[in-house]
Ligand SMILES: [Zn+2]
Ligand SMILES: [Zn+2]
Ligand SMILES: [Zn+2]
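Chains as they are written, first to last, in the numbering used here: chain A, 1 to 644; chain B, 645 to 1288; chain C, 1289 to 1932.
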């Protein structure tokens, strides 16, 4: 499949007179895909039942006639005001008990049956009208599930749905009481109808209660999305995608992805660095105009896996896009600088290097009104070319003789498991500790060693063919997963917190975790650490934040200066008992890489590399030229080298 | 008009036996004005309709007989409990939806019709009784509108009034939808009755929605105040004032001032430095006992302009007072130190240097009870002289042969526009950026250059006679204003963000801002900057926080080290594309001052100067003596030099 | 009385099969006391009125038969869900007006009559069944009153009860208006029924209003506890305790203690250091694995006084326990490190050195489920010995030939007064200033000087026999207390803020505070200070945070570099006018100690000492060995030296 470019367009924002010219300019810029419609409900149906298709018919026709392919979004992320008037209790409710009101977007609770019916209706109407339209070549459901903290709702609708979900999961309330350990503080229920949502409790609620609510909340998204997919499928054979948002982990993307052909995500490197990467202040300064050198790549690799969740492709070859690519300053981060010249091109090629089929810039023209009026586009508000379009044109030209999308299984894999993120968030035990952060730190170390990485779901059937598999911080593993990892031919790295809880968030206590077949390591105690008390390791590096005391007969690979084992290995299984700093993680990767026969090369700061089937890509995320394999790679530089 | 002193007095707090002696001591201390009554509603009307005038009659008589002049306040800032019982929904509502309860002060929503009726009634009664009283020589409406964040209310009353305000401003809801760009996220309304207040939305509401609500909220204050003024005018010919509070910008003081004869403000230099100036930690430490060297002066100059808003005086000669002057430690800032000896005198003279008619100390005697029991007065709670009264006596003596109030137009003007403050707050685009901060930083630079400054409203008829006019950060300028500035003979300095929005908060996009006649400069893109990434300028100084990319044929005055233009000039118009640090602002002032033929002299740290028609004042805001024009000016020193 | 050890046990958490073995292991470990039952309501009464005693009968029997003594807790801290269903309005309400929901613990409002009835019923039933049980040797009421901020509730029940409390305290609402100074902002009430709780006011409420609410809230706890005690007393003659929590000062522990035989508290040195001590970051790092060297000792001394509140013992010889002793990492602090080896032993011996009768470890076995699954116990979740049990066994062995509990009056006393803590909190006047912090800083200085200290309530009959009495920061002293202190033979140290308010929170203003008989010192003004502006003293040390200007004829002991008096003495009375830093406090202690004839020895960092009647204890709270009286005391070391 040819690599392609695209953009997000809002014909409803602009006078119809300029659509034609816009389409021509899109073609000139080398774009293929034009996403439209996802916020247009109030123009499609300005009042209940009064449907206005004409303008959308014409917009699609104009784009299609110009040779562009349309990605059509279902408009369910922005129900018009009259929908809220019909269903006043459809709003999500925040943790303080306040309804989250109309006036922006994503103002709905996933558990509200009335709103779900409205979605069925409008998606059905849109699908019916455009399902067979030859210009509509792909679909998008809703928009950025979970953005603005919208997965978890404490509404009445959620409360009732949660009770039903619990009824379906537990045979009886007695079973639930036992599974959750509700005896602890006399929290035992006599009936499912007594179970409230876990907000506003006097002190923290039972983590099992929280965890069940997190699983439920994720499942509600899967149901909501599937309702739309099922309707679309009745009318179209075009692939269906959703555009996930960076570091939104409140629902299981694999589960949603299992109903979709394509995963896509919205990549805002500069905004993310400011508001969610969690980088140090020094890194935030150094990369302020380039974005974090690993954060986007991590998501690219993650969504390749999510894109395979339906099972039509191997995990390493999932179908995925960047549906929204930052083209300049955005409007929503604490600070919103301009990108370093060249970074828009770099970000685009980086996505392709990780297997993206398409990269779509958000947005075509900067809107001079409403919430995002300071969000850059490919065009300025006065329709003059903005800087990014020049870089897009460069990619357009470079794509001409570039290879097609060439997925290839990586030598090393890293598991990312959404439920583990909820578990760490439910019980971090130390301020600032998060599963996402631990996995990202592991990913950073693998990348610093020059490795190409696949991200995997926590599934027993995906481990074949890797030389090393890193499974940091997964708190619940089924026996099947444990067996598969033990049986794997790969070097497997577990810990910390591996198998520390059962599915209900109770600690397996006989034997104590990790209770991993083939690995005689037991976590006898754990502690969390102030940032000012790193525990130095013999030979370099340190543990920060989180450390377990481990015992057993396995061989010690890393130990503290006081002699306590920190990493222990038996056969192909290694247990890492703490959160390593950069140097400790590099040492772990080196040890495992050596055992696994991986080719490692420690890269200069800000330089990253990735291999496809035929090419090695090099990216310079810094503001200075850096020597890479004997040649200078300029700031924001991209180099492609044929693999021989 | 003779410069005078005064104080704020609460006869209802003290036994009637000591009123006479208090009055005698006030006279001895050189006081002229005694403000009373503004919190006394529960003593005037302890239960509905039961009016107790006798004590107030006697208090006014005692003061008047002693030769003092009374400023009588309307008591509407503190409605008694029974008023709230009559109108339980009169309370303002905070952004979280909680009523702001009885138990302190300012517990009312400006939009509540029932409370407005109560105000009409009580103000009418007070005015009727004392309007012709010979001792009541001035009036004050309410007290410190906006203190404690009380302008913006999310009550039901506000919601209904807002809809009426919108109906009056927009011909139809379709017009409103278009003006606000509500199509953006399907936020279009079918009816004015669907429009809610912009709180508790899922993510940020449409900035046009917010801005309309900000304009409405300001207008409600103007209406509220005018209701009182209209009633008072029926009974008295004494001048009417309101006492504004420092850095309260949530309503337009010029608009309120247009109905009043005198502007006054409440000046708490030490409290303000701790809780609202926004100075650096170093400045907060260095000036902890003196207050910020520019913050009070800025307000003095601002209220001189507000005092002219009625149109009876030229803008540079508005009538204004300090209604409350800090006399010692206050009770309400994060830290409450004692002033450096001499500062109470300095603050008093500084107000006179800026044109104040009167400076009233708050308060006569420290109250030993209730909220402000740790707020110093001129007397200690035990009636012994507190330190401030000695400094007041010194001013009393110095005033004897001092000139009268002598307003004179300054050579340089600085525009301050409330709507721009709301616009920046609605969309700062970068953490910590505020219009007030930008204007204050500009004012600081003008003052460091030894300039005497007038502050101006954003009005086309006030620009005559200045050599230079600074108009930083004004986001909406009408065509009339633009024309007046272009046509001005002054050096005019615009930017950043000049003309960046229309009145509804939509970006004018063809041409892009500033679209200033006679100035070929266009803002092609803008960015906001982390505090750790200043952009150095060639020749010194840097841009911090906010920077625009500008293009055009105008001459470049300042540029970045990379060569990008930062300040550009054409004819009399200069556009400054970023927020300069101190050094950059000093360079800008020097460049403009040179072009304008201003006499500049860069002052030592903490030294400030101001010219009246006949005198040059020097003030030393530091804790050390500093050489000024060849002589040592002691710490907290004031020097007056006759202008020849 | 022999010193004893114990633990907290939850038979309802474990299969009955292992109770017997648990009991045998408890005996082996040297434990005497086993606290049970305090969270077991849902197992005692799973549905309303359906009582299940059998399991509890058997548990007590198993423990008793093994030779253990049971402390039985009333289960009222964790009412089951069905209790809340019966009384939906029994929940406390937070300051924002939100009910604090079921799902954890302490979910009740002390003012709710219906819940109080439920408590009467269940306590009566438990007392009736086990009051005469030979194995139940002590009782505990409820659990940790005030933990999780649960004293203050803004519920409807609290509002009504508060009005009744006010009616009983004030003859009329006019009296209340006058006592509170409600005239200040027209806050006068016409009826008690108009008085609301002091939350959600526009700005701060009248401090007198707040203070009354604080006194009321404390009294509600006393009533609640006494209801249980009165019932228990009808059925048992065993001593009754409550387990107070560290730095919970929202109710008066002396008042609760007056109804109990034994005070006990829950000591979590590492958790406290992280979340409530208020130590510097450097101290938090240095003591991260040892806990603060004074915080536990302070509470030990405090609860010795609380344990005497009933009047059966002299204040210096009150009966007290550690009911819960941290045995390893906990789960609830921001960071939860493991203790330094030896610290569990040190903490245990430290309690005994301060007069504890018993130290009970919380908990026997780490629970693998619910909120505290990461809270260490004496056993791991898999029943293997955890590290703490080895240190407990060491204490067991050391206790064999150690002396009995030997209380002895200390040479120096320090007053701790709960009402003063509420007063400072009501009006701190400077950020971060708290009465608790001031008293703790004073205690630290006394301890650094090697002194053994008694803590005293603010009562006139407890001052005899001390050489020095420190009374820092007590804001309200009755004339009786003032007279007793003046008449004392001890060196008495007062200030700052001594006598600064009356009982209603009004400043006595003629004469001004402290108005102490026999001490000619008057506070003429006060100020609070930024942390970056310490006021240096002549001779060393500085005042930080809070400073009064004092005047009078008393002799100056300490003065600022500018010469202002800071400490003044007349006869046996010394007034300290500010908050001294460590060096200033050390100088004050040295001055007073010299005058009082106290034996002082300045100790190395982290070394502390205490004398009982027959032994001197030395404790090393650092991570290194330290020379103490010529011999090395190892890290975490304890040394006992016979006093001859
Ligand atoms: Zn229609
Ligand atoms: Zn009357
Ligand atoms: Zn039963």
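Backbone N, C-alpha and C define an ideal beta-carbon position, used for all residues, glycine too.
Bear in mind the structure is a predicted one, so any value in this text is a computation, not a measurement.
>> Between residue 573(A) and residue 519(A), how many whole angstroms is the CB-CB distance? I'm expecting something under 8 Å.
In response: 4 Å
>> Considering only heavy atoms of ligand 4, does any lie closer than 8 Å to the CB of residue 1320(C)?
In response: This structure lacks ligand 4; its bound ligands are ligand 1, ligand 2 and ligand 3.
>> Can you tell me which residues form a DSSP beta bridge with residue 69(A)?
In response: 33(A)
> Which whole-angstrom value describes the C-beta separation of residue 1256(B) and residue 1050(B), a residue pair presumed to lie in contact below a C-beta threshold of 8 Å?
Replying inline: 5 Å
> Mind listing which residues of the stretch 1761-1783 of chain C have their C-beta closer than 8 Å to chain B's C-betas, in chain order?
Replying inline: none
> Whole-angstrom Cβ separation of residue 533(A) and residue 1573(C), contact assumed at under 8 Å?
Replying inline: 6 Å
> Does DSSP classify residue 517(A) as helix, strand or coil?
Replying inline: coil
>> Please report whether the beta-carbon of residue 1269(B) lies at a distance below 9 Å from any beta-carbon of chain C.
In response: no
> With contact counted as at least three CB pairs below 8 Å, one residue from each stretch, are the stretch 139-146 of chain A and the stretch 225-234 of chain A in contact?
Replying inline: yes
> By a C-beta neighbour count over all protein chains shown, 10 Å radius and 16 as the cutoff for buried, is residue 819(B) buried or exposed?
Replying inline: exposed
>> According to DSSP, simplified to helix, strand and coil, what is residue 206(A)?
In response: coil
> Rounded to a whole number of angstroms, what is the C-alpha to C-alpha distance between residue 1239(B) and residue 1213(B)?
Replying inline: 11 Å
> What residues from chain C crowd round residue 794(B), counting only those whose CB sits closer than 7 Å?
Replying inline: 1490
>> Run through chain F and tell me which residues come within less than 8 Å of residue 1818(C), C-beta to C-beta.
In response: Looking at the structure shown, chain F is missing, and the protein chains on hand are A, B and C.
>> Closer than 7 Å between beta carbons: that is the criterion. Which residues of the stretch 318-344 of chain A meet it against chain B?
In response: 328, 329, 331, 334, 335, 336, 337, 338
> With a cut-off of 8 Å, do at least 3 Cβ pairs link the stretch 894-902 of chain B to the stretch 971-986 of chain B?
Replying inline: no
>> Residues of the stretch 162-189 of chain A in Cβ contact with chain C at a cutoff of 8 Å, in chain order, please.
In response: 180, 181, 182, 183, 184, 185, 186, 187, 188, 189
> Residues of chain C with CB under 9 Å from residue 96(A), in chain order?
Replying inline: 1384, 1386
> Among 1642(C), 1578(C), 1685(C), which one has its Cα closest to the Cα of residue 1592(C)?
Replying inline: 1642(C)
> Beta-carbon separation of residue 106(A) and residue 59(A) under 9 Å?
Replying inline: no
>> Please classify residue 357(A) as buried or exposed, where buried requires at least 16 neighbouring CB atoms within 10 angstroms.
In response: buried
> Is it buried or exposed for residue 1112(B), if we count other Cβ within 10 angstroms and need 16 for buried?
Replying inline: buried
> Quick one: is residue 580(A) buried, meaning 16 or more other Cβ sit within 10 Å of its Cβ, or exposed?
Replying inline: buried
> Could you give the uninterrupted runs of the beta strand (DSSP E) lying entirely in the stretch 116-148 of chain A, keeping only those of 3 residues or more?
Replying inline: 136-140
>> For residue 194(A) and residue 1373(C), which I take to be in contact (beta-carbon distance under 8 Å), what is that distance rounded to the nearest angstrom?
In response: 7 Å
> Buried or exposed: which applies to residue 1580(C), given that a residue is buried once 16 or more other Cβ atoms fall within 10 Å of its Cβ?
Replying inline: buried
> Taking 9 Å as the CB-CB cut-off, is residue 1293(B) touching chain C?
Replying inline: There is no way to answer for residue 1293(B), as the model of chain B reaches only from 645 to 1288.
>> Closest to residue 1777(C) by C-alpha separation, out of 1762(C), 1784(C), 1754(C), would be which residue?
In response: 1754(C)
>> Going by C-alpha to C-alpha distance, which of 501(A), 585(A), 562(A) sits closest to residue 1629(C)?
In response: 562(A)
> Given that a residue counts as buried once 16 or more other Cβ atoms are within 10 Å of its Cβ, and exposed if not, what is residue 745(B)?
Replying inline: buried
> chain B partners of residue 1497(C), CB-CB under 7 Å?
Replying inline: 747
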